[in-house]
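Everything below concerns the one structure shown next.
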Amino acid sequence: MPVEFEWDANKAASNLSKHGIRFEEAVLVFDDPQHLSHQDRYENGEHRWQTIGLVHGIIVILVVHSVRFESGAEVIRIISARKADGKERSRYEHS
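Residues 180 to 274 in my numbering are what the sequence shown lists, from first letter to last.
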């Protein structure tokens, strides 16, 4: 099944300013074969997920996103992305 990514341009700009991570880079977390995903909460009518993984082989990031299925594709909407904190990094490294 094809995977598509989307995000709000204003939220992406805000995230870059606040966390220094572009959503265009954040999607690379899903390319990490060791990435970890778990459902975090239900908010604004959708399930929110957190995915932790390695990007560019050097930085472990946490991406908050939602997932929906549309026209035969999995659509992942990026909500935020930031460097993983120590606890999140440890969970990733010990999985």
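The beta carbon of each residue, even a glycine, is placed where N, CA and C say it ideally should be.
inquiry  = Out of Ser250, Gly232, Ser245 and Asp210, which one is the CA nearest neighbour of Trp186?
reply    = Stepping through the sequence shown from its first residue, residue 186 is reached at position 7. The residue with the shortest Cα to Cα distance from Trp186 is Ser245.
Proximal residues to Ser259 (C-beta, below 6 Å), its chain only, five neighbours per side dropped = As a first step, residue 259 is located in the sequence shown; it is residue number 80 there, counting from the start. Within the same chain, Cβ atoms closer than 6 Å to the Cβ of Ser259 are found at Asn194 and Val243, the five residues on either side in sequence being excluded.
ask   = Quick one: is Phe202 buried, meaning 16 or more other Cβ sit within 10 Å of its Cβ, or exposed?
value = The count along the sequence shown starts at 1 and reaches residue 202 at position 23. Taking a 10 Å sphere around the C-beta of Phe202, we find 16 or more other C-beta atoms and assign the residue as buried.
inquiry  = Could you compute how far the alpha carbon of Ala205 sits from the alpha carbon of Val234?
reply    = As a first step, residue 205 is located in the sequence shown; it is residue number 26 there, counting from the start. As a first step, residue 234 is located in the sequence shown; it is residue number 55 there, counting from the start. Roughly 8 Å between the two C-alpha positions.
message = Relative to the C-alpha of Ile238, which candidate in Val182, Leu207, Ala188 and Lys190 has its C-alpha closest?
response = In the sequence shown, counting from the first residue as 1, residue 238 sits at position 59. A check of alpha carbon separations from Ile238 across Val182, Leu207, Ala188 and Lys190 identifies Leu207 as the nearest.
ask   = In terms of DSSP beta bridges, what is Phe184 paired with?
value = In the sequence shown, counting from the first residue as 1, residue 184 sits at position 5. DSSP lists Ile255 as partners of Phe184.
key: Closest by C-alpha distance to Asn189, when choosing among Tyr271, Arg270, Asp264 and Ile257   = Translated into positions along the sequence shown, residue 189 becomes position 10. The residue from Tyr271, Arg270, Asp264 and Ile257 with its alpha-carbon nearest to that of Asn189 is Ile257.
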